[in-house]
Every structure is written in structure tokens, then in C-alpha cells.
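Colleague: Have a look at this one.
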Amino acid sequence: MRFHAYIGPSMWLSYDNFASWQASLDLKLIFINVKCGILAFIVCLTDQTGPTIHKGSTLMDKAALAIADKCRNCALRIDDKLICAQMSPGELVELSAHSMPTNVDRKQPVAARLLDRNPIIAIIEGVIGLQHVLKDGRRSIAALYWRGDIVDLRRQGGRDTGTLVALTPARICSLSVDTYDKLVRENPDVQAVTWDNMREQIHFAADHSVDLGKKSAPERLAAYIFECRRRQMGGEVCETVDLALRRSDIADYMGLQPETVSRGLKELERRGLISLKGRSRVIIRDEPTLRQLANGAPEKAPAS
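Dropping the structure here:
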């Protein structure tokens, strides 16, 4: 058996002439989207008994390739900062065989049967909230999960970890615990992305606890605007920010009443800090002052 790899136009990595083999041998073309973005064609040349498929290698048969098709246009694989973009083709096929992409409508919980089987969730698109409902019906959203976030809901000592609810139309992927743990353990790039995401979630949780514990309503809303920008833009500076959630969901996340959210946003607009574009978008007009407000610093008195 001999292997020939094609990378780019007229670039064959081979010590035999491809045309001479084509007439007499079976060919198996496998298209693999390589991490660096180059499309590689791996050609397996065999005798008439057919190609041998090596488990764990970049050679995959058509059935394995079909499994990977569901990952082809997934944001988790396309975005080079996210978890699946760090995997080799073989690892991607292995994960694909033990994962389940699912669409979740707004206000719908992630199915318990899905979490019972695969309690690790990766957010492909949309916003998912970790919701707690008190006995008297009051609702609190303890955390927000955005595209690329990994949510590990494995229970610790039987504790109730809350309910995952879609706050926008969302698409998620439930991951096999064994396969996920194996990839994190064996692939340093997957491990680095996973740990970076977990650290980011811890930082957001710490900031959010300060927002709820010490900040006024305008300060909380200013902080929420910057959180949305950071989660959506990955730290890039952009004046236009999508608030993502409805007023009632923002209220449950920020520990406010929906009316307070509406009045607070209008007050920020009146003060020239933002402009409202419809109900879901704001334009930051005075970032230094808005940032100061979000950080809980006293505002400077207007010049006389």
C-alpha cells in the first residue's frame, strides 16, 4: 500500500507517477479540512481487495466521513479559537460519532434526557441561561453561555445545578463525557481552549457577583452592555452592541425588574452615553463615561 498526498494545485507528495497508478489500482479520495485551512486530498492506493482503513489515522472510509458531515459547517469547527477547530480529522470523527447537535427554541429548556446521557454541552449559536426557580416562582438566571462556551453539568454530590434554558433560538451540541475527557487529556490544544473557556467563565461569574451585590441599576446595565460586547466580539472594540436578550431576561440576569431595565436604558440614552436602536441594539456614544459607570466609579461632575 502506498499513500499520496495532494496539497494545493499540482503539488503531489509522491515518489510514483499518479497517472500510472490510476489505471490499475483502486483509489480512495478523502477530503479533509486541515486545521491550517489547507484542503488536503489523501489518496490511498491499494490492490483490488480495497483499501485498509486504520483506526485513529487520517484515513477514513465513506461511512466515517458521513458522520463528520454534521460538523462540516459548525461554528465550533470553523472558528479557529473554539474547541473543535483544535482537533485532528480523526479526533473530529470520533467526537462526531458520540455527540448530538440539537436546536432549542427560545424559552425552552435543554431536554433532561439529553443532559442525563451527555451532561457536557457546547454552545454552537445563540444564548443559553442557567436558570434557578424559587418555590414561590421567582426566577434567577445565574449565568449566560454564548457561542463557544462549554457547559459541564456533571452533578457533584447530587446537587441541583439548575436548568439550561434557551434565551434566544439556540443550537447546542451535547458531548460524550468519555470522549470529551479523552480529547482534553490527550490533545494539548483542546485542553488549552477548554481551560481558557473555563477561566473566562469564572471571571464573568466573579464580575457578575459584584454587579448583583454592590452596583446600582444603571451600573449593572452599563456592565451588561460591556459583557455583551465582549462575549459577541471577543474583545474587539465595536460601538454597536446587540443586547441579545429580552428585557425580562436581562432583568432576571441582572437582579432587576423589567421596568427598571427599560427605564435604565432610556436614562443612559438621555445622558448621552448610548443610543437605542430598536429594542435589542445600542450604540455606545460615550465609552469612557459608560465604562466608568460600569466599574462603579463615581461620575465626574459636569464642568460649570
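Numbering that gives the first Met the number 0 applies: residue 0 is where the sequence shown begins, and numbers increase by one. By construction, the Cβ of each residue, glycine as well, lies at the ideal position given by its N, Cα and C atoms.
(1) Which first and last residues belong to the alpha helix (DSSP H) in which R105 is found?
(2) Looking only at its own chain, which residues have a Cβ that is under 6 angstroms from the Cβ of G147, when we skip the five neighbours before and after it?
(3) Any idea which residues DSSP pairs D151 with across the strands?
(4) Round the Cβ separation of L211 and G254 to the nearest angstrom and send it over; I've been treating them as touching at under 8 angstroms.
(5) Closer than 7 angstroms: is that where the CB of K80 sits relative to any heavy atom of the ligand GDP?
(6) What would DSSP say about T178, mapped onto helix, strand or coil?
(7) Since I119 and D151 are thought to touch, with beta carbons under 8 angstroms apart, how far apart are those beta carbons, to the nearest angstrom?
(8) On a Cα-Cα basis, can you pick out the residue from R153, L272, G271 and R278 that is closest to S314?
(9) Here's the rule I'm using: 16 or more other beta-carbon atoms within 10 Å means buried, otherwise exposed. How should Q107 be labelled?
(10) Does the Cβ-Cβ distance between V126 and L143 come in under 8 angstroms?
(11) Going straight from the alpha carbon of T48 to that of V176, what length do you get?
(12) In whole angstroms, what separates the C-alpha of D248 from that of P88?
(13) Distance, Cα to Cα, A205 vs T193?
(14) Provide the residue span of the alpha helix (DSSP H) that contains H207, from first to last.
(15) With DSSP as the reference, please indicate the residues paired to V132 in a beta bridge.
(16) Counting only the same chain and skipping the five closest in sequence on each side, list residues whose C-beta sits under 8 angstroms from that of L91.
(17) Just mark G128 as buried or exposed, buried being the case when its beta carbon has 16 or more other beta carbons within 10 Å.
(18) How is D241 classed by DSSP in three states: helix, strand or coil?
(19) To which residues of the same chain is I282 closer than 7 angstroms at the C-beta, ignoring the five residues directly before and after it?
(20) Using only CA atoms, which one of P187, M86 and R219 lies nearest to D251?
(21) Note down the Cα distance separating E124 from R105, rounded to an integer number of angstroms.
(22) Applying the criterion that 16 or more other CB atoms from any shown protein chain within 10 Å of the CB defines a buried residue, is H207 buried or exposed?
(23) Just tell me which of R290, Q291 and Y223 has its CA closest to the CA of R280.
(24) Taking the alpha-carbon of R229 as reference, which of Q256, P217, P257 and Q200 has the nearest alpha-carbon?
Modeller: With the given structure in hand:
(1) Premise fails: R105 is in no alpha helix (DSSP H) and is neither H nor E.
(2) L81
(3) I119
(4) 5 angstroms
(5) Judged by which ligands are present, the structure shown has none, so any question about the ligand GDP falls away.
(6) helix
(7) 5 angstroms
(8) With the chain represented from 0 up to 303, any question about residue 314 goes unanswered, as that position is not in the structure.
(9) exposed
(10) yes
(11) Reliability of the predicted coordinates at T48 is poor, the pLDDT of 35 falling under 50, and the value obtained from them is presented with this limitation in mind. If I take the Cα positions, the gap works out to 37 angstroms.
(12) 39 angstroms
(13) 19 angstroms
(14) P187 to K213
(15) R138
(16) A67, C70, R76 and C83
(17) buried
(18) strand
(19) E238, T239, I273, S274 and K276
(20) R219
(21) 12 angstroms
(22) buried
(23) Y223
(24) Q200
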